[in-house]
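Right, one structure below, let's go through it.
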Amino acid sequence: MVAEREHLAAVAAVRSAVELCAAAQGRLVAGDTLTKGDDSPVTVADFAAQAVVCAALTEQLGTVDLVGEEDSSDLRDRTLLRDAVVDLVRAQRGDAASADAVLDWISVGRHDGSGDRYWTLDPIDGTKGFLRGDQYAIALALIEYGEVVLGVLGCPNLPNPDGSRGAIFVAVGGSCVVHYQGADRALPVAVATPTSLAEARVCESVESGHSNHDHSARIVERLGIVAEPYRIDSQCKYGAVARGDASIYLRLPTRADYREKVWDHAAGMFVVEQAGGRVTDVDGLPLDFGHGRRLEQNRGVIATDGRFHDEIVAAVQRVLADS
Ligand code: AMP
Ligand code: MG
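Counting in the numbering used here, the sequence shown runs from 385 upward without gaps.
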């Protein structure tokens, strides 16, 4: 069960991170980015966004169990980086935010995902897209007994059908809505089902290191899909499927030992499901959020409008078996 105050706090928290990131994108300077142990980039905005989301949630809800991607210990011996994070948070929350408070907010995200109920946050999903000036997302979800019950997906740069840019998808209680930047009202979101697979469009990661592009090309050919793949960073792919910009999202393993992270999928998956679509791993199994920080029981992801899901899983299985 999701309380109304949790729903409202989550939307407000993601909105504050969307504003912070939109202001920061394109203004980063040399030294604002570091490479983590797993070789992935992280910027001052990733840390600052985690801080403002955790601050907003804890102010409204008290103590929360939250699995966040970023770790404040990465800032411990990096004074310049830490000061830049504090400056970004202060630009939004005022000078009262001390350096210690900012580090404490980031540390809220230390939970390990054990227990019956936890939040998960990717403060900037698609950091490579963020750095390129392309797409990225702020993804916040609430998980109960291994199942997502609330997903809020902020996509600050996403081009919208009404000509605006920036969307926040909110999935909860059997429905999905989207708030476009500058619009007064939220709009209902529903997947679009092509009449045949030939008319379907696949979206996938820009980064071939995150999803196997050779395999997706073979799957697309097998299914008789003619449209070029829509390559877009981050969980914006789930938003694209949820509102019908594409009808299939393929995330195909590039390494046998990689396990997807809970914060990379929880919010996006729920957005697609509540918009009427279906999400499984490449073996057709549901994503299982009951194993800590990683999706230990799953490999890759297939998200679709639902109609041809089994057929698509079968095609994926054949291509993976042949390779
Ligand atoms: P995307 O923007 O769809 O390319 O996804 C970005 C996410 O890919 C990052 O948040 C990383 O956590 C994740 N990632 C990093 N390495 C891999 C990998 N080898 N396979 C799948 N996802 C990865
Ligand atoms: Mg991510």
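Note that beta-carbon positions come from the ideal geometry of N, C-alpha and C, so glycine has one too. Remember, predicted model here, so these are calculated numbers, not experimental data.
Whole-number beta carbon distance between residue j and residue i, since they are thought to touch under 8 Å
i: Pro-540; j: Val-402; result: 5 Å
i: Leu-459; j: Leu-465; result: 6 Å
i: Pro-543; j: Val-437; result: Actually they are not in contact, since the Cβ atoms of Pro-543 and Val-437 sit about 24 Å apart, beyond 8 Å.
i: Ile-552; j: Cys-587; result: About 19 Å separates the two Cβ atoms, so there is no contact after all.
i: Phe-654; j: Ala-525; result: 6 Å
i: Leu-472; j: Arg-389; result: Actually they do not touch by this definition, with Cβ atoms about 27 Å apart.
i: Ile-603; j: Val-700; result: 6 Å
i: Ala-439; j: Ala-393; result: Not really, about 11 Å apart at Cβ, beyond 8 Å.
i: Ala-582; j: Gly-608; result: 5 Å
Beta carbon of residue i nearer than 8 Å to that of residue j
i: Leu-412; j: Val-428; result: yes
i: Tyr-614; j: Arg-635; result: no
i: Val-646; j: Leu-679; result: yes
i: Val-556; j: Val-573; result: no
i: Arg-683; j: Asp-665; result: yes
i: Gly-661; j: Leu-537; result: no
i: Gly-652; j: Ala-480; result: no
i: Arg-643; j: Val-703; result: no
i: Gly-513; j: Ser-618; result: yes
i: Ala-433; j: Val-486; result: no
i: Glu-531; j: Asp-500; result: no
i: Gly-517; j: Gly-628; result: no
i: Asp-496; j: Arg-677; result: yes
i: Tyr-633; j: Ala-687; result: yes
i: Thr-511; j: Val-426; result: yes
i: Val-554; j: Val-395; result: yes
i: Gln-519; j: Ser-400; result: no
i: Val-590; j: Val-386; result: no
i: Cys-560; j: Ala-414; result: no
Chain-order list of residues whose beta-carbon lies under 7 Å from that of residue i (same chain, five-residue window excluded)
i: Ala-468; result: Asp-416, Val-428
DSSP bridge partner residues for residue i (one or two, in chain order)
i: Cys-539; result: Ala-551
i: Arg-662; result: Thr-688
i: Leu-634; result: Ile-686
i: Arg-494; result: Val-451
i: Arg-678; result: Lys-645
Residues of its chain near residue i, where Cβ-Cβ distance is below 6 Å and the 5 sequence neighbours each way are ignored
i: Pro-578; result: Ala-584, Ser-631
i: Trp-489; result: Ala-435, Cys-438, Ala-439
i: Ala-718; result: The structure shown does not extend to residue 718, since the chain is modelled only from 385 through 707, so no value can be given for it.
i: Arg-474; result: Ala-481
* Asked: Mind pulling the beta strand (DSSP E) runs of 3 or more residues that sit fully within the stretch 545-623?
  -> 549-556, 559-564, 586-588
* Asked: Could you give the uninterrupted runs of the alpha helix (DSSP H) lying entirely in the stretch 407-477, keeping only those of 4 residues or more?
  -> 428-445, 463-477
* Can you check the stretch 496-538 for any beta strand (DSSP E) of at least 3 residues that lies completely inside it and give the ranges in chain order? => The DSSP assignment places 501-509, 521-528 as complete runs of the beta strand (DSSP E) inside the stretch 496-538, in order along the chain (cut-off: 3 residues).
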